[in-house]
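Q: Below you will find the structure I want to go over with you.
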Amino acid sequence: MEIEKIRKEQWRAVREIYREAFPRKEQKPFWSVRRAVRRGRSQLWTAREDGAVFGFLLLTIDRDMALVEYLAVSDRIRSRGTGSQLLQMVCAKERGKRIVLLIERLDDGADNREQRIARRRFYLKNGFVSAHVGIRSAGGSMEVLCRGGTVTGDECLSLHAYALGRLFFALSGTKLLTLA
Numbered sequence: 170m171e172i173e174k175i176r177k178e179q180w181r182a183v184r185e186i187y188r189e190a191f192p193r194k195e196q197k198p199f200w201s202v203r204r205a206v207r208r209g210r211s212q213l214w215t216a217r218e219d220g221a222v223f224g225f226l227l228l229t230i231d232r233d234m235a236l237v238e239y240l241a242v243s244d245r246i247r248s249r250g251t252g253s254q255l256l257q258m259v260c261a262k263e264r265g266k267r268i269v270l271l272i273e274r275l276d277d278g279a280d281n282r283e284q285r286i287a288r289r290r291f292y293l294k295n296g297f298v299s300a301h302v303g304i305r306s307a308g309g310s311m312e313v314l315c316r317g318g319t320v321t322g323d324e325c326l327s328l329h330a331y332a333l334g335r336l337f338f339a340l341s342g343t344k345l346l347t348l349a
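Number 178 in our numbering belongs to position 9 of the sequence shown; there are no gaps in the numbering.
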């Protein structure tokens with residue numbers, strides 16, 4: 170498997186995986202993802218095998234923090250280590266920075282309860298810990314996980330605002346949650 174920055178001909182495959190992997194309410198407009206990468210605000214890394222894209226990671230860096238906005242692997246090769254390889258590459262590349270990501274909060278009543286538990290277990294296995302902070306927005310209630318140091322609620326909001334941009338952040342109605 171090869172991990173590389175996205176190439177022009179890979180955007181269609183990334184969009185397909187993006188739409189397959191994330192609920193609509195958690196998706197930014199795809200044109201805004203492309204624009205952020207084109208302008209250098211974000212980096213998009215792809216995992217490919219035999220020329221085909223099977224996964225990607227979208228990373229936005231602000232000061233000493235890096236936000237993993239999206240990490241997705243195609244259903245066709247899930248559970249073969251692709252997601253872990255993408256995460257480990259980013260953590261090595263951004264050594265010295267705090268790596269932050271958001272996951273759906275655990276909720277016993279959620280339809281996808283088992284999936285949420287599996288995702289959380291995956292990130293904990295890859296060295297992330299809870300920041301004991303959450304964010305509620307149009308995308309739902311999310312738990313903040315971090316690696317390489319702790320993050321405060323205000324830092325999470327600031328990083329989230331930077332990643333979304335002023336307009337989308339204002340429209341998202343993002344609020345801070347304190348988790349026990």
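Positions of the beta carbon are idealized from the N, C-alpha and C atoms, including for glycine. Owing to the predicted nature of the structure, the values given are computational and were not obtained by experimental measurement.
Can you give the beta carbon distance from Ile175 to Val206, rounded, assuming they're within the 8 Å contact cut?
A: Position 6 of the sequence shown holds residue 175. Position 37 of the sequence shown holds residue 206. 7 Å between Cβ atoms; contact.
Q: In its own chain, which residues sit with a C-beta less than 6 Å from the C-beta of Gly308, not counting the 5 before and 5 after it?
A: Position 139 of the sequence shown holds residue 308. Cβ within range, chain order: Lys194, Glu195.
Q: Would a C-beta distance cut-off of 9 Å place Gly317 and Gly265 closer than the cut-off?
A: Indexing the sequence shown from 1 puts residue 317 at position 148. Indexing the sequence shown from 1 puts residue 265 at position 96. It is a contact, given that the beta carbons lie within the stated cut-off.
Q: How big is the Cα-Cα spacing for Glu238 and Gly278?
A: Taking the first residue of the sequence shown as position 1, residue 238 is located at position 69. Taking the first residue of the sequence shown as position 1, residue 278 is located at position 109. Cα to Cα, Glu238 sits roughly 25 Å from Gly278.
Q: Return the Cβ separation of Gln179 and Thr229 in integer angstroms, given the expectation that the two are a contact with Cβ distance under 8 Å.
A: On the sequence shown, position 10 is the one that residue 179 refers to. On the sequence shown, position 60 is the one that residue 229 refers to. Not quite, the Cβ-Cβ distance comes to about 19 Å (not below 8 Å), so this is no contact.
Q: Just list the beta strand (DSSP E) runs in the stretch 272-334, keeping only unbroken ones of 3 residues or longer that don't cross its boundaries, in chain order.
A: Here the runs fully enclosed are 298-306, 309-316.
Q: Quick one: any contact between the stretch 279-291 and the stretch 336-343, if contact means 3 or more CB pairs under 8 Å?
A: Because the criterion of three Cβ pairs below 8 Å is not met, the stretch 279-291 and the stretch 336-343 do not touch.
Q: Can you name, in chain order, every residue of its own chain whose Cβ lies under 7 Å from the Cβ of Glu171, other than the five neighbours on each side?
A: Looking up residue 171 in the sequence shown gives position 2. Within the same chain, Glu171 has close Cβ partners Arg217.
Q: What's the C-alpha gap between Glu185 and Leu255?
A: On the sequence shown, residue 185 is found 16 positions in, with the first residue counted as 1. On the sequence shown, residue 255 is found 86 positions in, with the first residue counted as 1. Roughly 18 Å separates the two Cα atoms.
Q: Quick one, which of Ser299, Leu326, Ile268 has its alpha-carbon nearest Arg305's?
A: Translated into the one-based positions of the sequence shown, residue 305 becomes position 136. Out of Ser299, Leu326, Ile268, Leu326 has the C-alpha closest to the C-alpha of Arg305.
Q: For Leu255, which of helix, strand or coil comes out of DSSP?
A: In the sequence shown, residue 255 corresponds to position 86, counting from 1. The answer is helix: DSSP assigns Leu255 an H, G or I state.
Q: Starting from the Cα of Asp353, find the closest Cα among Thr321, Ala182, Met311 and give me that residue.
A: For the chain, the structure presents residues 170 to 349; residue 353 sits outside this window and is missing.
Q: Take the Cβ of Leu293 as the centre, count every other Cβ of all protein chains shown within 10 Å, and call the residue buried at 16 or more, exposed below.
A: Within the sequence shown, numbered from 1, the residue matching residue 293 stands at position 124. Its Cβ having fewer than 16 others within 10 Å, Leu293 is exposed.
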